[in-house]
């Protein structure tokens, strides 16, 4: 990204941050995120923060992800909270899962997904087997 002549805009950063998330490149993702504003004068938007929550969450850095959400200069949306909730399930963090599920329900009260997901997470035994 940096050595090519491709313009670094909001969309480019979403793609690069997502790639870092899927490949586990936490350090690189954090550096790129920090460089958005300082080096490329691109203000991070909610979508970029969602990528970062996903990046940190996949790496098991759930407290760091929550800290990022709490300190975002923009309001966290359902994508951000959904990324945290998914990571909480993967890493079995019930406390943060409860917070994320409640936030999702506030943002999308007609969406049964967070409630169902959280209830499954709370009561993972079905037919004597863990989900």
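Numbering (our numbering), first residue to last: 3 to 133. Backbone N, C-alpha and C define an ideal beta-carbon position, used for all residues, glycine too. No experiment lies behind these values; they were computed from the predicted model shown.
Check your understanding: Within this structure, are the beta carbons of residue 23 and residue 56 separated by less than 8 Å?
Key -> Remark: C-beta atoms of residue 23 and residue 56 approach each other more closely than 8 Å.
Check your understanding: If you drop the 5 nearest sequence neighbours on each side, which residues of the same chain put their C-beta closer than 6 Å to that of residue 52?
Key -> 81, 82 and 85
**Study point:** Residues near residue 77 in its chain [Cβ-Cβ closer than 6 Å; skip 5 each side]
**Key:** none
**Study point:** Helix, strand or coil at residue 28 [DSSP, three-state]
**Key:** helix
Point to revise | Per-residue burial, residue 95 [other beta carbons within 10 Å of its own, 16 or more giving buried] | key: buried
Check your understanding: If we ignore side chains and look at the alpha-carbon of each, how far apart do residue 43 and residue 79 end up?
Key -> 23 Å
Check your understanding: Is the CB-CB distance between residue 47 and residue 72 below 8 Å?
Key -> no
Review point. Which of helix, strand or coil does DSSP assign to residue 69?
Key: Helix at residue 69.
**Study point:** Status (buried if at least 16 other CB within 10 Å, exposed otherwise) for residue 31
**Key:** Sixteen is the threshold: when 16 or more other Cβ atoms of the shown chains lie within 10 Å of the Cβ of residue 31, as they do, the residue is buried.
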